[in-house]
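In UniProt numbering, the protein residues as written are 1 to 184. First the structure, in the form of structure tokens, and then the observations on it.
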């Protein structure tokens, strides 16, 4: 049995097979550092209980035991990450610290799904992100990353001026040709 201690002093017991899903805990066990409770700094009891619940649910079941269906596991995962935004971010930090790749992927995908289909401003509003860029910095970033957008890249002033000049030259040439045709 492996014991984990949260940053606020709560302890959680779990089977070693469940705990080994965490690369961090696995290395601590291999290095002989898991004799007593393993401290998990910066992970509260509330979040650590979710992590332990995840590890227990996802541990490989012994042969002959009833297997959790993929649909049940998917429903469990969806419910696990259906939490307040602050708790979801805390789960991400805990999964990263404990190096639980599948949980980290699940939680990060949930955040990505929250942002999908939203405008930059909607994402800022949803995640309470302050815009610290000037309009000029925003335009520069849009220009440099135009490949990531569905529309034509914004053009800098020099390129716009060159295009306008080229168009004027073409218009003048077309007018000259039309005048010559009329005179002939």
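For each residue, glycine too, the CB sits at the ideal point set by N, CA and C.
- Straight across, the Cα-Cα distance linking residue 36 with residue 79 is about 31 Å.
- In this chain, the alpha helix (DSSP H) harbouring residue 123 covers 120-127.
- Inside the UniProt domain "SKP1 component POZ" (1-59), DSSP marks whole beta strand (DSSP E) runs of 3 or more residues at positions 2-5 and 11-14, from first to last along the chain.
- Cβ-Cβ distances below 7 Å link residue 117 to nothing in the same chain once the five nearest sequence neighbours on each side are left out.
- In the three-state DSSP reduction, residue 83 falls in the coil class, being neither helix nor strand.
- Straight-line measurement puts the Cα of residue 4 at about 6 Å from the Cα of residue 13.
- Residue burial annotation: residue 133 is exposed, with fewer than 16 other C-beta atoms found within 10 angstroms of its C-beta.
- When 2, 28 and 10 are compared, the shortest CA-CA separation from residue 17 is found for 2.
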